[in-house]
Amino acid sequence: MSARRAASTLLLLALVVVPPATAAAAANEPIAIAVDLREAPRNLVHAKLTIPASPGPLTLVYPKWIPGEHGPSGPIRDLAGVRFSAGGSDLAWQRDPLDMYAFHLEVPAGAAALEAQVDYLAPVVPANYTAGRSTTAALAVLSWNTVALYPQGSSPEQVSFAPSLTLPEGWRYGTALEGATQTGDTVRFTPVSLVRLIDSPVVASANFTRVELPGSDRPHAIDITADSPGALTLPPGFAAAYAKLVVEAGALFGARHYRHYDWLLTLSDNVEHFGLEHHESSDNRLGERTLLEEPWRKALASLLAHEYVHSWNGKYRRPAGLVRDDYQQPFDTWLLWVYEGLTQYLRELLPARAGLWSDEYGRERLALLAANLEYQGGRQWRPLSDTASAAQVLFGVPSFWRSWRRGADFYDESVLIWMEVDAKLRAGSRGAKSLDDFCRAFYGGAENGPEVKPYSFDDVVAALGAVGAGDWKALILEHLRSKSEHAPLGGLEAAGWKLVFDDKPNAALADRQALDASRDFSYSLGFDVEKDGTIRDVRIGSPADQAGVAPGAKIVAVDSLAWSVDRVTDAVTSSAQRQGPLELLVQQGEIFRTYRLEYHGGTRYPHLARTAGPDLLSAMQTPRMKSPAAAPARRGGAHR
Ligand SMILES: [Zn+2]
Numbered sequence: 021m022s023a024r025r026a027a028s029t030l031l032l033l034a035l036v037v038v039p040p041a042t043a044a045a046a047a048n049e050p051i052a053i054a055v056d057l058r059e060a061p062r063n064l065v066h067a068k069l070t071i072p073a074s075p076g077p078l079t080l081v082y083p084k085w086i087p088g089e090h091g092p093s094g095p096i097r098d099l100a101g102v103r104f105s106a107g108g109s110d111l112a113w114q115r116d117p118l119d120m121y122a123f124h125l126e127v128p129a130g131a132a133a134l135e136a137q138v139d140y141l142a143p144v145v146p147a148n149y150t151a152g153r154s155t156t157a158a159l160a161v162l163s164w165n166t167v168a169l170y171p172q173g174s175s176p177e178q179v180s181f182a183p184s185l186t187l188p189e190g191w192r193y194g195t196a197l198e199g200a201t202q203t204g205d206t207v208r209f210t211p212v213s214l215v216r217l218i219d220s221p222v223v224a225s226a227n228f229t230r231v232e233l234p235g236s237d238r239p240h241a242i243d244i245t246a247d248s249p250g251a252l253t254l255p256p257g258f259a260a261a262y263a264k265l266v267v268e269a270g271a272l273f274g275a276r277h278y279r280h281y282d283w284l285l286t287l288s289d290n291v292e293h294f295g296l297e298h299h300e301s302s303d304n305r306l307g308e309r310t311l312l313e314e315p316w317r318k319a320l321a322s323l324l325a326h327e328y329v330h331s332w333n334g335k336y337r338r339p340a341g342l343v344r345d346d347y348q349q350p351f352d353t354w355l356l357w358v359y360e361g362l363t364q365y366l367r368e369l370l371p372a373r374a375g376l377w378s379d380e381y382g383r384e385r386l387a388l389l390a391a392n393l394e395y396q397g398g399r400q401w402r403p404l405s406d407t408a409s410a411a412q413v414l415f416g417v418p419s420f421w422r423s424w425r426r427g428a429d430f431y432d433e434s435v436l437i438w439m440e441v442d443a444k445l446r447a448g449s450r451g452a453k454s455l456d457d458f459c460r461a462f463y464g465g466a467e468n469g470p471e472v473k474p475y476s477f478d479d480v481v482a483a484l485g486a487v488g489a490g491d492w493k494a495l496i497l498e499h500l501r502s503k504s505e506h507a508p509l510g511g512l513e514a515a516g517w518k519l520v521f522d523d524k525p526n527a528a529l530a531d532r533q534a535l536d537a538s539r540d541f542s543y544s545l546g547f548d549v550e551k552d553g554t555i556r557d558v559r560i561g562s563p564a565d566q567a568g569v570a571p572g573a574k575i576v577a578v579d580s581l582a583w584s585v586d587r588v589t590d591a592v593t594s595s596a597q598r599q600g601p602l603e604l605l606v607q608q609g610e611i612f613r614t615y616r617l618e619y620h621g622g623t624r625y626p627h628l629a630r631t632a633g634p635d636l637l638s639a640m641q642t643p644r645m646k647s648p649a650a651a652p653a654r655r656g657g658a659h660r
């Protein structure tokens, strides 16, 4: 229709017949990427790329499928101020009409390079993972993929980037990138492949501390930024506690596939809270008071253990469907029940082994996890397998009808499956073998620094078979394909424990409720609520479901008394003695309605109780090492 469209079509045709000579040329000489974080406090990140190129058509692409996020989450929507030039002259560009992540342009005769300028509009509203809030007035997390372009058709393993970073005055930083040299507020790093660059985010702030962990044969550190200086106050024994996690992970896997490891930790109530794994670091984000309050500290142990395990399970060994030639190809996420599921299982064990929480607290966590899955109505239509295949559309789903939709359940439900495999390996060998042996065989191997070894389902089954006899394939597939209304609790029972409910508070649930001020009545009335009475989800088949209550509606009165969470709690506590239904007056949009819930079962909190069989769970939680190796503490050095 327009001249621009016609030009774009010609460019596309030209690309088909011209071999990717420009891409090959770009692979030899590094692309310089200079990121300016000086306006990050106002949520604006500037970048300038100098891209070696030959005259002729060139297509640059913006990373779309982001490793570890398991979906097409590259935040192209927030890319602005895009300008290309060569020799000081602006170049026209066209976005591909079908691929929003591709920019077509023509490198003029005589040019050996072009410059690309981009701004990343760092979000101020919630979104998923690194595409979400990553900057505040006091700190920034830089994920290089948010500002990177690379020639279409080039290999991110081959194309080299020379990164540099300009910081606001007085800010310090942490990253796994190496070879830093600083001039004023600008830091230059050793050139790396695009893969390594995207794998190496940076945290920066004036409020920064680097905690080096003692007692290992290579550097391990927790690099912390926060919205306030007070948030950096370390609890007693902090470094020693996480040093034990390093020791236990080393004892479990038997090899490390990183040269040094940095947990990048961002503490703010105004960034997304999540973790993202990398080979030699991880991007971990929690609330500002994480180091100061015990429930947050437990959440921190869980998060840091999970992301750390990913250095082995996810980065070093990775499902073949998650290994792609570039960042533009879709992932096959089906094996996430290994990648995320086994990581989640080890996340439940390693903090107990390292002493970051007690065995009893670990059991409370497992009870809560199991109860949530047992009350997941969506398991009747959606097998666990589908939650893994559909991961890209399940991350960040809202809470309404959460249990009917199901979410990324391949995390938590796989914990129960891996525990069953572990218990069977232990029982079948009279304690001589366990899933630890599988981990050592599958994730150990030679220490060559960061590398990727893809695997298939059959590889996993074969490695399990080498540890202990069993029809592992049939066992796992049965659980993955099941539409049973019950969660797979056989592993807990094989480990000597069963899920029970009583009126004593669950310690892990109490911590979670302290963190988000919610209250969970899922196992009694059948819903959980926000502090203000807004119902998050209604469990299928529960008294609330049968009464017709809608998720998203807001409770305004309980038995004709004004809403308070304590009034609902009291009503549940006394429900066994109650005559007649509990009455909830609920506001849904403009409409008020009263719902009558027939419930007389009293308070129900989940716990684990011993069965008659041997206690294998305690064996799973037992440290492999009695105490950290007594090597000298490493000296604090430059921030790598
Ligand atoms: Zn994970």
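Each number in the working numbering comes from the position in the sequence shown (counting from 1) with 20 added on.
The C-beta atom is built at its ideal place from N, Cα and C for all residues, glycine as well.
Among all the DSSP beta bridges, which residues are the ones paired with residue i?
i: F294; result: R305
i: P474; result: R338
i: L159; result: S225
i: T203; result: T206
i: E232; result: A241
i: F123; result: L80 and R115
i: V558; result: F547
i: N333; result: R337
i: L64; result: L141
i: E135; result: T70 and S105
i: F612; result: Q607
Thinking C-beta only, is residue j closer than 8 angstroms to residue i?
i: K264; j: G375; result: yes
i: N304; j: L272; result: no
i: A483; j: F458; result: yes
i: S213; j: E177; result: yes
i: F462; j: R337; result: yes
i: E135; j: K84; result: no
i: A642; j: T623; result: In the sequence under discussion, the amino acid at residue 642 is Thr, which differs from the Ala named in the question. No, they are not a contact pair.
i: F292; j: Y149; result: The sequence given here has Glu at residue 292, not Phe. Yes; because the gap between Cβ atoms is below 8 angstroms, this pair is in contact.
Quick test of your reading: residue i and residue j, contact by CB under 8 angstroms. State the CB separation rounded to the nearest angstrom.
i: R556; j: S419; result: 4 angstroms
i: L141; j: L64; result: 7 angstroms
i: R208; j: S180; result: Contact flag wrong, Cβ pair sits at about 14 angstroms.
i: F104; j: L125; result: 5 angstroms
i: L605; j: P563; result: At roughly 16 angstroms, the Cβ-Cβ gap does not stay under 8 angstroms, so L605 and P563 are not in contact.
i: Q364; j: Y262; result: With 8 angstroms as the limit, Q364 and Y262 do not qualify as a contact, their Cβ atoms being about 19 angstroms apart.
Could you name the residues of the same chain whose beta carbon sits closer than 6 angstroms to that of residue i, not counting the 5 residues immediately before and after it, in chain order?
i: A52; result: T70 and A182
i: D247; result: T156, A158, S288 and E308
i: L362; result: N333 and W438
i: T310; result: L287, W316 and L320
i: H298; result: D219
Measure the C-alpha to C-alpha separation of residue i and residue j and round it to an integer number of angstroms.
i: D565; j: E360; result: 31 angstroms
i: V588; j: P601; result: 13 angstroms
i: R426; j: G546; result: 16 angstroms
i: N526; j: Y381; result: 9 angstroms
i: G295; j: R539; result: 25 angstroms
i: F415; j: A100; result: 25 angstroms
i: A639; j: V358; result: 22 angstroms
i: P470; j: P339; result: 16 angstroms
i: V55; j: T201; result: 15 angstroms
i: T353; j: R460; result: 24 angstroms
i: A387; j: A325; result: 19 angstroms
i: D243; j: A151; result: 21 angstroms
i: G553; j: Q400; result: 29 angstroms
i: G199; j: P211; result: 9 angstroms
i: L529; j: L366; result: 20 angstroms
i: W492; j: L404; result: 17 angstroms
i: L312; j: V576; result: 34 angstroms
i: P77; j: H90; result: 32 angstroms
i: G675; j: L445; result: Because residue 675 is not part of the residues shown, which for the chain are 21 to 660, the question remains open.
i: R92; j: V102; result: Per the sequence shown, residue 92 should be read as Pro rather than Arg. Approximately 21 angstroms, taken between the alpha carbons.
i: P75; j: A106; result: 10 angstroms
Output needed for residue i: all residues of its chain with C-beta closer than 8 angstroms, excluding positions within five of it in sequence on either side, in chain order.
i: D205; result: R58, T186, L187, P188, E189 and W191
i: Q608; result: A570, G572, A573 and K574
i: R644; result: E268, A271, L272, R373 and D456
Let me check you understand the geometry: is the CB of residue i closer than 7 angstroms to at least one non-hydrogen atom of ligand 3?
i: R317; result: Questions concerning ligand 3 fall outside what the structure shown contains, since the ligands it does hold are ligand 1.
Closer than 7 angstroms by C-beta to residue i: which residues in its own chain qualify, once you throw out the five before and the five after it? Chain order, please.
i: R613; result: V606
i: A391; result: L519, Y543 and P626
i: R630; result: G516 and W517
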